[in-house]
Every structure is written in C-alpha cells, then in structure tokens.
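Before any comments, here is the structure.
Okay, structure coming up:
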C-alpha cells in the first residue's frame, strides 16, 4: 500500500520539478535550489503523514 503512495509522490515530484525547471528556463529566472528543496520536504512530509494515517487506520479496522 505505502509503496504505491511513494510511487505517486515521486511521479508528482518529477512532474512539478520538470514544470518548474522548464518555466524557469523559458522566463530566464535564475535557478533556485531552495524552492526545490522546500517543495521536496513539504511533499515528503505530507506523504509520510498520510501513509502513516492509512496504515494506522487499516490496522485499527481489523
């Protein structure tokens, strides 16, 4: 269960980063690694919390 959630998170990250990277390239915005790091951490924490909640819920249901 959590593997598919992690998979979705990674694909989501890839799409977001690629979109941001190309839009930066086209507009000529200087590369901002802090933005990528912040986005990564937020998505990672959100995924971990939601996965933990799903696991606890399933365990509690039985």
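Numbering (the working numbering), first residue to last: -5 to 56.
Glycine included, C-beta positions come from ideal geometry on N, C-alpha and C.
CB-CB length for residue i against residue j, believed under 8 Å
| i | j | result |
| --- | --- | --- |
| residue 18 | residue 25 | 7 Å |
Helix, strand or coil at residue i according to DSSP, with G and I counted as helix
| i | result |
| --- | --- |
| residue 1 | helix |
| residue 23 | coil |
Proximity to residue i [Cα-Cα], best of the options
| i | options | result |
| --- | --- | --- |
| residue 0 | 44, 31, 28, 22 | 44 |
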